[in-house]
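Numbering (the working numbering), first residue to last: 245 to 632.
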C-alpha cells in the first residue's frame with residue numbers, strides 16, 4: 245500500500261451527460277439538471293496492490309489493476325473517474341446521509357489516562373446529517389446522475405436509505421434510471437435500540453425497525469444470480485407431479501410412455517429424459533442406499549424423474565437447507581452495532597449484494613465509503629473496487 249497524490253497536469257475537459265429517462269419526476273426549489281460535468285483532478289489517497297507498469301495499463305488482469313481510495317468531494321471524484329471508468333462499473337453500493345437531523349460523533353479516549361472523565365474523552369464529529377430538504381435532494385440528484393454514467397450497461401446500483409428520505413430518493417432514482425429499471429426494495433433490519441414506548445398509553449408512531457435498499461439496474465436486460473438464505477428447518481426430499489397446467493405445445497412430448505394431451509411437462513425434453521435415466525441408474529447402482537444418500541454421493545447435482553405407483557410422472561425435489569431469497573432480508577444485519585461508529589454496515593449485507601450482482605474481477609464502487617465495509621468485502625470476494 246502506498247499513499248500518493250495525482251499531480252499530473254490535467255487539461256480542462258467537459259463530459260456530456262446522457263439525457264435521463266425521466267417520468268415520474270420530483271421537483272424541488274433550485275432543481276438544476278446536470279447537462280455536463282468538468283473533469284476534476286482528484287487526490288488519490290491510497291492504492292491497494294502493485295501499480296501497473298506503463299505497458300500493462302489499467303486492465304482487468306492481475307498486476308494491471310490497483311484498487312483505489314479517493315479523498316475529497318465525491319462529485320469531483322466521480323467527475324475525475326469519467327475519463328477512464330465511464331460505463332465500466334458493474335455494481336455501486338451507496339449508504340448516503342439519511343437526512344436524519346443528527347450529528348454523528350465518535351468518542352475518543354486520550355492516551356495516558358486511566359479514568360474516563362470529561363477531560364480524557366473527546367468527541368470527534370464524523371459527519372453531520374442536517375440538511376435543508378431542497379439542498380439534500382439536489383445533492384443526491386447530481387451524484388446519482390454521475391453514478392449512472394459510470395455504471396456498465398449491465399450494472400446496477402443499491403442505495404441504502406430509511407424512512408426519512410427513502411420515498412423521495414426513489415422518485416429521483418425513477419427519474420435518473422427509469423421506472424422500468426427498478427428491481428426491488430430490499431428490507432433489512434436496523435440495529436436494536438431500547439424502546440421507551442411501553443411507558444405511554446398512546447404514541448405518535450411505531451418504532452422504526454428496518455432500513456430499505458433501493459435496487460435499480462442501468463438497463464432492462466441486466467440479469468443477476470438469485471441470492472440464497474438459510475431455512476430454519478431442513479426440508480426433506482420429496483416427489484411431486486411433473487405435469488404443469490401451463491400451455492406450451494412444444495413441452496408436450498412422450499416421457500416414460502406418457503404424452504400429455506393438455507398442459508405441459510415442467511422441463512424441456514432433453515433435461516427430463518436425462519432425469520429419468522438418472523433414476524434408472526440409481527435403481528441399478530444404489531445398492532440399498534436411499535435416494536438422498538445416492539444424490540449426496542454423486543455430488544448433489546443429479547435430477548430424478550419416475551413413474552409413481554399410480555402411474556403418474558413425478559420429479560424429485562432434493563433436501564434443502566437454503567431457499568431463494570425474497571425482498572425480506574431479515575436473516576442479515578444492516579449494522580455492525582459498533583458504539584464508536586454507529587452507522588457502519590454489516591459485512592453480511594454487502595457480501596450478499598456483491599455476490600448477487602457481480603462476478604469475480606468486476607469493478608465495484610462505493611462513493612460514500614464511510615468505514616470502508618464495501619471495499620473490505622469486495623476485496624475478500626475478488627472484486628476490483630473504487631471508494632471515495
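The beta carbon of each residue, even a glycine, is placed where N, CA and C say it ideally should be. This structure is a prediction, so every number in the text was calculated from the model and none was measured.
Reduced DSSP category for residue i - H, G, I as helix; E, B as strand; rest coil
i, result
"residue 428", "strand"
"residue 390", "helix"
"residue 444", "coil"
"residue 261", "coil"
"residue 497", "coil"
"residue 399", "strand"
"residue 310", "coil"
"residue 377", "helix"
"residue 419", "helix"
"residue 479", "strand"
"residue 600", "helix"
"residue 410", "helix"
"residue 458", "strand"
"residue 588", "coil"
"residue 332", "coil"
"residue 267", "coil"
"residue 327", "helix"
"residue 551", "strand"
"residue 607", "strand"
"residue 559", "strand"
CA-to-CA distance, residue j to residue i, given in whole angstroms
i, j, result
"residue 614", "residue 588", "7 Å"
"residue 536", "residue 566", "16 Å"
"residue 656", "residue 262", "This structure cannot settle anything about residue 656, because the visible part of the chain is limited to 245 through 632."
"residue 542", "residue 516", "18 Å"
"residue 474", "residue 575", "8 Å"
"residue 580", "residue 310", "28 Å"
"residue 472", "residue 593", "12 Å"
"residue 531", "residue 501", "26 Å"
"residue 442", "residue 448", "13 Å"
"residue 391", "residue 416", "13 Å"
"residue 376", "residue 486", "59 Å"
"residue 626", "residue 605", "6 Å"
"residue 439", "residue 411", "25 Å"
"residue 270", "residue 413", "9 Å"
"residue 450", "residue 406", "14 Å"
"residue 519", "residue 544", "13 Å"
"residue 424", "residue 514", "35 Å"
"residue 323", "residue 573", "34 Å"
"residue 512", "residue 505", "16 Å"
Chain-order list of residues whose beta-carbon lies under 6 Å from that of residue i (same chain, five-residue window excluded)
i, result
"residue 609", "333, 336, 630"
"residue 595", "621"
"residue 552", "558"
"residue 490", "508"
CB of residue i within 8 Å of CB of residue j, strictly
i, j, result
"residue 479", "residue 564", "yes"
"residue 427", "residue 465", "no"
"residue 383", "residue 421", "no"
"residue 340", "residue 612", "yes"
"residue 327", "residue 283", "yes"
"residue 452", "residue 434", "yes"
"residue 456", "residue 429", "yes"
"residue 314", "residue 619", "no"
"residue 508", "residue 534", "no"
"residue 463", "residue 398", "yes"
"residue 319", "residue 387", "yes"
"residue 568", "residue 470", "yes"
"residue 312", "residue 291", "yes"
"residue 617", "residue 591", "yes"
Cβ-based neighbour list, residue i, same chain, cut-off 7 Å, excluding 5 preceding and 5 following
i, result
"residue 561", "481, 482, 484"
"residue 597", "337, 402"
"residue 274", "378, 382"
"residue 330", "393, 394"
"residue 522", "546, 547, 548"
"residue 538", "526, 530"
"residue 454", "431, 432, 433, 434"
"residue 571", "428, 429, 430, 431"
Segment limits, beta strand (DSSP E) that includes residue i
i, result
"residue 283", "Taken as a continuous stretch (DSSP letters only), residue 283 belongs to no beta strand (DSSP E), as it is neither H nor E."
"residue 575", "572-577"
"residue 466", "Premise fails: residue 466 is in no beta strand (DSSP E) and is neither H nor E."
"residue 628", "628-631"
"residue 564", "564-568"
Extent of the continuous alpha helix (DSSP H) run through residue i
i, result
"residue 520", "513-529"
"residue 696", "Absent from the structure is residue 696, since the part of the chain shown begins at 245 and ends at 632."
"residue 617", "617-624"
Chain-order list of residues whose beta-carbon lies under 8 Å from that of residue i (same chain, five-residue window excluded)
i, result
"residue 503", "496, 497"
"residue 268", "415, 418, 419, 423"
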